[in-house]
Amino acid sequence: MTESSKNSLMQNVIVCAAFLNGFVIMTIELLGGRVLSPYFGTSVYVWGSIITIFMLSLSLGYLWGGRLSSRNPSHGMFAAFFGLSALLSLPIIFFAEWTMTQVFLLVEDPRYGSLIAATLLYFLPICFMGMVSPYSIRLLVSSEEHSGRMAGLLYFVSTLGSALGTLLTSFYFVLWFEIDTIMWGSVAVLLLCGAAILIIHKLPVREATGVHRYEN
Amino acid sequence: MKTEKTLHRNINPWRQGLLFSLLALASLFTGLVTAETLHEERSVYRNIFVTEVDGRRCLLFNAVRGERNQTCMNMRNPKEFVFHYARMTMAGLLVNPDPKNILIAGLGGGTLPSALHELYPNAKIEIIEIDQAVVNVAKNFFNFQESANVETHVVDARVFIKRAGLTGRKFDFIVLDAFTGEYIPEHMLTQEFLEEVKQVLTPDGVLISNTFSTSQLYAHESETYRAVFGDFFNLKMSGSGNRVIIAQQKELPSLGTLKANAQPLHETLKPYGVEILEFPGRMGTRPDWDQTKRVLTDQFSPANLLGR
Chain A
1 MTESSKNSLM QNVIVCAAFL NGFVIMTIEL LGGRVLSPYF GTSVYVWGSI ITIFMLSLSL
61 GYLWGGRLSS RNPSHGMFAA FFGLSALLSL PIIFFAEWTM TQVFLLVEDP RYGSLIAATL
121 LYFLPICFMG MVSPYSIRLL VSSEEHSGRM AGLLYFVSTL GSALGTLLTS FYFVLWFEID
181 TIMWGSVAVL LLCGAAILII HKLPVREATG VHRYEN
Chain B
1 MKTEKTLHRN INPWRQGLLF SLLALASLFT GLVTAETLHE ERSVYRNIFV TEVDGRRCLL
61 FNAVRGERNQ TCMNMRNPKE FVFHYARMTM AGLLVNPDPK NILIAGLGGG TLPSALHELY
121 PNAKIEIIEI DQAVVNVAKN FFNFQESANV ETHVVDARVF IKRAGLTGRK FDFIVLDAFT
181 GEYIPEHMLT QEFLEEVKQV LTPDGVLISN TFSTSQLYAH ESETYRAVFG DFFNLKMSGS
241 GNRVIIAQQK ELPSLGTLKA NAQPLHETLK PYGVEILEFP GRMGTRPDWD QTKRVLTDQF
301 SPANLLGR
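Quick mapping for you: the protein sequence lines, in order, are chains A and B. With our numbering, letter number 73 in the first sequence gets 73, and the count goes up by one each step, no holes. With our numbering, letter number 132 in the second sequence gets 132, and the count goes up by one each step, no holes.
What follows is the structure, given as structure tokens:
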């Protein structure tokens, strides 16, 4: 594989990963309502808590992801975001009930109960998922005049992913699968994204024959 | 017949068409707009409308045509239950004829708690209603009154019942009536929720649940109740899309007991429009649904998708 074909493969994979990242964020957000409802109900403030925490996590993720991207951006670090997002989503599967029971016992007001539970369960994984967006822009942008176009493309695919994630989860996934199964699916998708980036990054590059490269 | 024909012939078809469209327009307006809307209450959830037509006052969650009335009250006879399902709820009294601690999830116009309070003034009645606006409307337009023995809590029913279970509270007459036509609170249909309800139900207590008899959800819901309570009475009436589930922790009473319990209630319940003697014969336990359908759980509860 030549360097340029590897680069273009990597670019495509980054765009796909941004799409899937957007998809998974909204899948997890939508399931959040289901996860919290046995303890805090489905009142409007439960959705308020979930959306607040997701927005807050994403905004901080954007900030930190953007900062990290300015110092030696690397594909390894980018893949690590996906790995950590996946890892930090596991407590939603394994410890949600325990966590919510503790919160339910401590906090009587379901508004603050749901806000605290949503923070404990979703803040970290969603933060890392938020870091993906600015970092992927940095990895895609090769020149200044391209930056706006790349940012536009990234917003486009990740928001499109979010739209589809919302639609498919609410219309079909909850009808076909259990919540934990869908969560496992999300974890698997995140891990696959991370693995794909790492593998492509490690692919050996062959010098293109017949082409001399001049570097100075 | 003959006069009608002549009449028709005399009217110019154009004018007839015009007249017809004017009439249609007028009926559209009276339906859509507010000739009979008494009140509109703003709510965090959905605005609530109080309408009155022909002496019948109703609480609606939706002003769109084809609206479903949540609760209605016959203003000429406010005691009478207007809807079948409200009457059917009283069948719970055949299983527990002397309730002392009553829990009602879903206030509506408050006709049920008002009736139960009249019938059992010494019973403690607690009502869980998620929407403060519904409580306001019930008080201002449906004569619902709180008192020492009638208390409302504005909270999600699942949250209230979970906490009641943790603090060891018990009720001997629990009514679940929290479903509107449009949206089903999915967390209140699951096996886990019913286990929590069971926990706050006394051994002799009765659970009365007003649900739907149509759509796929019927089988799923029935299987879920059976998983938690075993056999239950399934009460249906012709002319009503609702069915009422009546369940108990211990074994259900026999038909003989139901009939015996119905006798003394007959006269008392008559003013409410409840023909209690009709109920025992209709309270069957035989499953009339697809028993292979999956039990609904907190992990799997697409009730709104199944209920379409």
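Note that beta-carbon positions come from the ideal geometry of N, C-alpha and C, so glycine has one too.
query                                                                                                                          : result
Chain B contact for Leu-175/A (CB, 8 Å cutoff)                                                                                 : yes
Any C-beta of chain A under 8 Å from that of Tyr-45/B                                                                          : yes
Segments assigned alpha helix (DSSP H), at least 4 residues, entirely inside the region 117-203 of chain B                     : 132-141, 157-166, 191-199
Rounded separation between Val-244/B and Met-55/A - CA only                                                                    : 42 Å
Inter-residue CB distance, Met-26/A and Ser-85/A (contact presumed, cutoff 8 Å)                                                : Not really, about 14 Å apart at Cβ, beyond 8 Å.
Coarse secondary structure for Gly-284/B, derived from DSSP in three states                                                    : strand
Straight-line Cα distance separating Ser-213/B from Ala-91/B                                                                   : 17 Å
Of the residues Phe-142/B, Lys-236/B, Asn-242/B, Ser-240/B, the one placed nearest Met-73/B, counting alpha carbons only       : Phe-142/B
Gly-205/B - DSSP class collapsed to helix/strand/coil                                                                          : strand
Separation of Gly-65/A from Glu-178/A, as counted between CA atoms                                                             : 32 Å
Contact check, Ala-303/B vs Ile-184/B, beta carbons under 8 Å                                                                  : yes
Those runs of the beta strand (DSSP E) which lie wholly inside the region 240-290 of chain B and span at least 3 residues      : 242-248
Residue-level contact to chain B via CB, Tyr-122/A, 8 Å cutoff                                                                 : no
Run of the alpha helix (DSSP H) containing Leu-168/A, from where it starts to where it stops                                   : 147-168
Contact with chain A by Val-200/B, beta-carbon distance below 8 Å                                                              : no
Asn-96/B in three-state terms, based on DSSP                                                                                   : coil
Contact check, Ile-152/B vs Val-135/B, beta carbons under 8 Å                                                                  : According to the sequence provided, residue 152/B is Thr. The question's Ile does not apply to it. Going by C-beta atoms, Thr-152/B is nearer than 8 Å to Val-135/B.
Same chain only: Cβ atoms within 6 Å of Thr-34/B, ignoring 5 sequence neighbours per side                                      : Low confidence applies here, because Thr-34/B scores a pLDDT of 45, under 50, leaving its location unreliable and the question unanswered by this model.
Residue closest to Met-183/A, alpha-carbon to alpha-carbon, out of Glu-41/B, Phe-300/B, Leu-258/B                              : Phe-300/B
Nearest-angstrom beta carbon gap, Ala-123/B and Ala-99/B [assumed within contact, 8 Å]                                         : The sequence given here has Pro at residue 99/B, not Ala. 5 Å between Cβ atoms; contact.
Spatial distance of Gly-161/A from Phe-171/A (CA atoms)                                                                        : 15 Å
Start-to-end residues for the beta strand (DSSP E) that takes in Leu-38/B                                                      : 37-41
Terminal residues of the alpha helix (DSSP H) in which Val-53/B lies                                                           : Unbroken run through Val-53/B is the beta strand (DSSP E), 48-53; no alpha helix (DSSP H).
Element boundaries [beta strand (DSSP E), containing Asn-101/B]                                                                : 101-105
Cα-Cα separation between Met-100/A and Ala-117/A, rounded to whole angstroms                                                   : 6 Å
Chain-order list of residues whose beta-carbon lies under 7 Å from that of Gly-41/A (same chain, five-residue window excluded) : Pro-110
Beta-carbon gap between Ser-158/A and Val-24/A smaller than 8 Å                                                                : no
Same chain, Cβ closer than 7 Å to Pro-312/B, five either side skipped, listed in chain order                                   : Any property of residue 312/B remains undetermined from this structure, which presents chain B solely from 1 to 308.
Segment contact flag, the region 270-287 of chain B with the region 78-85 of chain B, C-beta cutoff 8 Å, min 3 pairs           : yes
Continuous alpha helix (DSSP H) stretch holding Asn-12/A: start and end                                                        : 3-40
Proximal residues to Gln-70/B (C-beta, below 8 Å), its chain only, five neighbours per side dropped                            : Cys-58, Leu-59, Leu-60, Phe-61, Gly-108, Gly-109, Thr-180
Whole-angstrom distance between Pro-73/A and Leu-9/A, CA atom to CA atom                                                       : 18 Å
9 Å Cβ cut-off: residues of chain A touching Leu-305/B                                                                         : Ser-170, Phe-171, Tyr-172, Val-174, Leu-175
Counterpart residues of Leu-211/B in DSSP-defined beta bridges                                                                 : Before going further, note that residue 211/B is Thr rather than Leu in the sequence given. Note: Thr-211/B sits in a beta bridge opposite Arg-243/B.
Between the CA atoms of Gln-291/B and Leu-168/A - distance to the nearest angstrom                                             : 28 Å
Helix, strand or coil at Phe-94/A [DSSP, three-state]                                                                          : helix
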